[in-house]
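The C-terminal residue of the sequence shown carries number 402 in my numbering, and the numbering is unbroken. Just so it is clear, CB atoms sit at the ideal spot from N, CA and C, and this is done for glycine as well. Data block below; observations after.
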Amino acid sequence: MSIPPVRRARWSVAAVFTLHGAVTGCFATRIPWLREQLDLSNGQLGLALAFPAIGASLAMPLAGRIVHRYGGRASVRTLLALWCASLALPALAPHPVALCAALLLFGAAAGMSDVAMNAQGVEVERLHGRSIMSGLHGMWSVGALLGSAGGVGAVHLDLDARLHLALAAALLTAAVPVACRRLLDVRPAPGQEAPPRFALPPRSALLIGAVGMCAVLAEGASMDWSGVYLRDVAGASETVAAASYTAFACTMAAARLAGDAAVRRLGPVRTVRVSGVLATAGGALVVAAPGPAAGIAGFALLGVGIAVVVPLAFAAAGHSGPAPGQAIAGVATITYTTGLAAPTVIGALAELASLRASFALVTAATAVLVLAAGVLAPPARGGVVARGAKGARADLRDG
Numbered sequence: 004m005s006i007p008p009v010r011r012a013r014w015s016v017a018a019v020f021t022l023h024g025a026v027t028g029c030f031a032t033r034i035p036w037l038r039e040q041l042d043l044s045n046g047q048l049g050l051a052l053a054f055p056a057i058g059a060s061l062a063m064p065l066a067g068r069i070v071h072r073y074g075g076r077a078s079v080r081t082l083l084a085l086w087c088a089s090l091a092l093p094a095l096a097p098h099p100v101a102l103c104a105a106l107l108l109f110g111a112a113a114g115m116s117d118v119a120m121n122a123q124g125v126e127v128e129r130l131h132g133r134s135i136m137s138g139l140h141g142m143w144s145v146g147a148l149l150g151s152a153g154g155v156g157a158v159h160l161d162l163d164a165r166l167h168l169a170l171a172a173a174l175l176t177a178a179v180p181v182a183c184r185r186l187l188d189v190r191p192a193p194g195q196e197a198p199p200r201f202a203l204p205p206r207s208a209l210l211i212g213a214v215g216m217c218a219v220l221a222e223g224a225s226m227d228w229s230g231v232y233l234r235d236v237a238g239a240s241e242t243v244a245a246a247s248y249t250a251f252a253c254t255m256a257a258a259r260l261a262g263d264a265a266v267r268r269l270g271p272v273r274t275v276r277v278s279g280v281l282a283t284a285g286g287a288l289v290v291a292a293p294g295p296a297a298g299i300a301g302f303a304l305l306g307v308g309i310a311v312v313v314p315l316a317f318a319a320a321g322h323s324g325p326a327p328g329q330a331i332a333g334v335a336t337i338t339y340t341t342g343l344a345a346p347t348v349i350g351a352l353a354e355l356a357s358l359r360a361s362f363a364l365v366t367a368a369t370a371v372l373v374l375a376a377g378v379l380a381p382p383a384r385g386g387v388v389a390r391g392a393k394g395a396r397a398d399l400r401d402g
């Protein structure tokens with residue numbers, strides 16, 4: 004569909020995904036600094052990194068109600084600004100308890116803004132009439148790459164993390180109003196009830212959520228532990244360790260940006276099976292890495308392998324039953340909470356055994372993608388295009 008407001012909204016929501024990813028990329032490069040600054044063990048760091056998951060789990064149900072009350076554009080603009088501004092909090096923590104509190108708020112802002120921007124993305128995809136979610140998630144990875152590249156530069160220049168994250172938070176927050184200018188002002192129909200605070204996903208979405216969970220476990224582990232892994236296991240320097248996430252984010256961004264074309268050529272099931280093979284090979288290379296170069300190559304291959312799985316899980320959830328909104332929300336909750344909890348799982352296993360054992364678990368999870376890809380098969384008829392044509396009657400206020 005060539006409706007100008009929808010085209011402009013597509014570019015605007017892509018900018019929103021980019022900003023959201025940039026915050027994650029900035030933060031990931033400073034996790035080794037936080038561990039050293041507060042003298043945390045792997046187990047203590049893993050425990051601290053559980054608090055974003057807790058904050059997100061508590062706050063995510065509120066996002067639906069905020070969007071329902073204030074509309075899509077205002078909700079994304081406000082929640083994304085909170086997420087960008089919260090980037091400065093973790094580096095200011097003077098002790099582990101304060102770090103946990105900062106990460107609780109950090110995760111709450113992350114979860115609410117993530118729900119609001121994905122809801123906007125699903126609506127724009129529906130009205131656009133073709134798949135765009137892989138590309139949007141690709142722009143998130145581009146943002147993560149840019150944020151991590153800036154973080155690597157800051158580490159190389161020996162810039163204090165408190166100053167680095169404060170400056171990044173200010174710049175990203177200032178960019179939010181510009182990014183959100185052309186979002187669709189999606190509002191509920193008159194008389195529509197507010198969404199429930201919590202709803203279990205329908206049974207049709209549980210297996211889809213499990214597939215997404217395997218990919219997000221690998222993504223969360225790589226984002227938060229790749230730098231520590233390369234320093235402690237592969238003997239990399241601080242700058243090289245910070246660059247490991249950049250390699251991961253770079254390959255993930257490229258794969259997601261090309262993901263829609265791959266799905267059109269191979270179909271979602273074959274695409275996920277090939278992705279699972281690549282991710283498993285990358286995980287095995289990480290576990291066996293004798294040095295930094297092999298470790299970085301393994302994380303890069305992991306990024307390629309898991310890139311398109313979550314966007315395809317969202318798409319499959321939308322086709323999985325009579326209540327697509329509830330299914331998408333359920334899959335989003337499963338995958339997002341897994342991503343935030345993954346660092347804690349990795350840290351706990353590292354404390355009990357080793358970081359190599361932790362990434363052996365990640366490798367096993369990616370192998371499941373090869374076996375379970377069939378649950379992402381699309382229905383025989385219908386899909387995004389049909390719903391997009393029907394959605395042309397929606398309100399397209401461009402503001």
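Asked, Found
"Three-pair Cβ contact test at 8 Å for the stretch 179-190 versus the stretch 232-251", "no"
"Of the residues G350, P314, A360, the one placed nearest T338, counting alpha carbons only", "P314"
"Alpha-carbon to alpha-carbon, A297 and V9", "44 Å"
"With 16 other Cβ atoms within 10 Å as the buried cut-off, status of V463", "Because residue 463 is not part of the residues shown, which for the chain are 4 to 402, the question remains open."
"Three-pair Cβ contact test at 8 Å for the stretch 351-365 versus the stretch 123-141", "no"
"Beta carbon proximity, D163 to chain C, threshold 8 Å", "Of the protein chains in this structure there is only one, and it is not chain C."
"C183, DSSP secondary structure in three states", "coil"
"For L50 and T32, the rounded distance between their alpha carbons", "18 Å"
"Any 3 or more C-beta pairs closer than 8 Å across the stretch 346-357 and the stretch 119-126", "no"
"Whether I299 touches A250 by CB criterion (8 Å)", "yes"
"6 Å Cβ shell around V236 - same chain, five flanking residues per side excluded", "L358"
"Rounded C-alpha distance that separates L108 from L372", "32 Å"
"Unbroken stretches of the alpha helix (DSSP H), 4 residues or longer, contained in the stretch 197-258", "206-235"
"Coarse secondary structure for R3, derived from DSSP in three states", "This structure cannot speak to residue 3, because the chain is shown only from 4 to 402."
"Close Cβ partners of A256 (< 7 Å) along its chain, the five nearest in sequence each way excluded", "G141, S144, V145, L148"
"Best match in S78, S247, L187, N45 for proximity to V155 [C-alpha to C-alpha]", "S247"
"Inter-stretch contact at 8 Å, needing at least 3 Cβ pairs: the stretch 259-266 / the stretch 155-174", "no"
"C-alpha distance - V219 paired with L209, whole-angstrom precision", "15 Å"
"Length at least 4, wholly inside the stretch 254-329: the alpha helix (DSSP H) runs in chain order", "262-269, 271-291, 295-309, 312-321"
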